[in-house]
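For reference, the structure is listed below as structure tokens.
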Amino acid sequence: MFRDAALIAGKDLRIERRSRVTTQQIGPFAVLVLVLFAFALDPDRGVLGRAAAGLYWLAVVFCTVLAVQRSATVEVTDRAGEGLRLAGMDPGGVFLGKAVAVAAQLLVLEALLTVGIAFLYGTHLHEPVLLLGTALLATAGLAAAGTAYAAVAAGLRVGTTLLPLLLLPILAPVLLAATRAWEAGLAGVPGDAVSWLELLAAFAVLYVAVGVVGYGTLQEEQ
Amino acid sequence: MRIIRVLGALAVVTLTGTIVLGLGLPATFEQRTYSRMLALHPPLAWTAYVAFGVTAAASILYLVPRTRRARWDAVASASAELGVLFTGLTLITGSLWGRPTWGVWWTWDARLTTTALMFVIYLGYLAQRSVADTATARAMRSAIIGVMAVIVVPVNHMAVEWWRTLHQGRSLASLNPGSELDGDFIAAMLLGFFAMTLTYVWLLVLRTKVIEADAELEEHALTDAIAARRREALVQ
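For the record, the sequence lines run as chains E and V. For the first sequence, the positions run 4 to 225 when this note's numbering is used. For the second sequence, the positions run 46 to 281 when this note's numbering is used.
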């Protein structure tokens, strides 16, 4: 399973390196969201600074929808996913590989967004270890749940409009937990973040397990 | 068919009983007449949870190859529709009660937020059900989403519980003899639970039958149309 996962992750990242969708489209979109937040919330009154963690994770969640949609489209186009099945790839491995590739792209976007909030919102990044740990756990959950749901919606003609409706409420706990953990980190009180990190870990484990077990059925359905 | 009628009659009788008993409840010092909502609101919420539980159970039964029947898909669909209906009613009754008691129509309390999220999750479930697709593909996809959706409900609950809480404790816990709740209120609420559950079961059976009939119609529509054309041609 892990060998297949590594192959798939490599394939998806190679496609990404050549098509540059994340770097040339999703990345700029993420920065744009940060700028739009500043238009919506008055930048003078320190609202942005106080809400930085929430806005940051909201931007990440939006990017997740785009990234997983892209990742699933790759398999639907020219029936590439069927090719993977015919090649005898382990479905759990395919899921893991795709989720890892999405997670890697999300981590790059998160790094970009971190620079963004530090630069645009004037956020001081205290407790970098906590921020990084939160980002890793949250990204695992986002990528796993996102990959599973995107596979469900991918084969449908209305998949692009359906996916946000299906996925965003499912990602709500990640948004909440990651925001709270980052708030604790940015405020310099890492002790408050422990229970939120537990929740993020639980979410990630849950959806990785669901994806590994259920991806075969999802592929069948397509 | 007879059992459906009996169920329906029982549901109507118990619902009427709940309303009569509920309206007869005395006004309390703190909440005045609004406390009567106790006969409706917790039973509605309870039924919504039951409905989503049934959707998940039916989805699992559909996913397991040995128990795979089109009926389980119909049950999951019917139950999700009812769950959304009861969740909507829970949100409305809660809001009507919250305005005079808490002073706001809505607050970002743990219970309210979880319920709203659950509502949206199942709206999504119903939205994907209405997407045109082959019956088996839709059933399979729905079953997967039905299972994936239900596992996030407790996680959501935990998240918002830690986030903020204002709602009173679980209503079911106040039904024990040592609780502060008055006997009349307990009786009205218990009858409410019974009535709503019966109503749910009745509607579930009815709706499942309609969905199955719909599927059958869809299945035969084409062959029937061809047969009708043939008959026409023969007549001419």
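Glycine is no exception: its CB is placed at the ideal position from the N, C-alpha and C atoms. Predicted, not measured: the structure shown is a model, and the values here were computed from it.
From the beta-carbon of V:A204, the residues of chain E found nearer than 8 angstroms are A175, P176, L179, A180 and L202. Within its own chain, the residues whose Cβ lies closer than 8 angstroms to the Cβ of E:F65, once the five positions on either side in sequence are excluded, are F32, A33 and V36, listed in chain order. Membership of E:D15 in the alpha helix (DSSP H) is indicated by the continuous run F5 to S22. One thing to note: V:F131 has its Cβ no nearer than 7 angstroms to the Cβ of V:A101. Collapsing the DSSP output to three states places E:Y124 in coil. E:L115 places its beta carbon less than 7 angstroms from that of E:G30. Cα atoms of E:A146 and V:G128: separation of roughly 29 angstroms, rounded to the nearest angstrom. Around the CB of E:F5, fewer than 16 other CB atoms lie within 10 Å, so the residue is classed as exposed. Taking 7 angstroms as the CB threshold, E:F206 lines the interface with chain V.
Separation of the CB atoms of V:L89 and V:G67 is rounded to 12 angstroms, and the pair is thereby denied contact status at 8 angstroms. A distance below 7 angstroms separates the beta carbons of E:G144 and E:V177. CA-CA distance, V:T253 to V:L235, rounds to 27 angstroms.
Counting only residues of its own chain and dropping the five nearest sequence neighbours on each side, E:G100 has a CB closer than 6 angstroms to the CB of A8, I11 and A12. Counting only runs of 3+ residues, no beta strand (DSSP E) is found wholly inside the segment 82 to 108 of chain E. The C-alpha of E:R23 lies about 10 angstroms from the C-alpha of E:L16.
Between E:S198 and V:W207, the beta carbon gap of about 6 angstroms places them in contact (Cβ cut-off 8 angstroms).
The segment 51 to 63 of chain E and the segment 117 to 130 of chain E touch, with three or more beta-carbon pairs separated by less than 8 angstroms. Restricting attention to E:Q28, E:A153 and E:G188, the CA atom closest to the CA of E:F98 is found in E:A153. No Cβ-Cβ contact shorter than 7 angstroms links E:L170 with V:A204.
Any Cβ of chain V closer than 7 angstroms to the Cβ of E:P172 would place that residue at the interface, and such an atom is present.
By the neighbour-count definition (other C-beta atoms within 10 Å, threshold 16), E:D81 is an exposed residue.
Between V:I256 and V:A123, the gap from beta carbon to beta carbon is short of 7 angstroms.
In the structure shown, the three-state DSSP call for E:G49 is coil.
Non-local beta-carbon contacts of E:G96 in its own chain, meaning distances under 6 angstroms to residues more than five positions away in sequence, involve M4, D7 and A8 in chain order. Any Cβ of chain V closer than 7 angstroms to the Cβ of E:L159 would place that residue at the interface, and such an atom is present.
Scanning its chain for C-beta atoms nearer than 8 angstroms, with the 5 sequence neighbours on each side dropped, one finds around V:L70 the residues S80, R81, L83, A84, D229, F230 and A233, in chain order. When Cβ-Cβ separations below 7 angstroms define contact, E:V97 makes no contact with chain V.
Proximity of E:S74 to chain V, defined by a Cβ-Cβ separation below 7 angstroms, is not satisfied. For V:A177, the secondary structure class from DSSP, reduced to helix, strand or coil, is coil.
E:A156 is not a Cβ neighbour of E:Y210, given a cutoff of 7 angstroms. By the rule that beta-carbons nearer than 7 angstroms mark a contact, E:L168 touches chain V.
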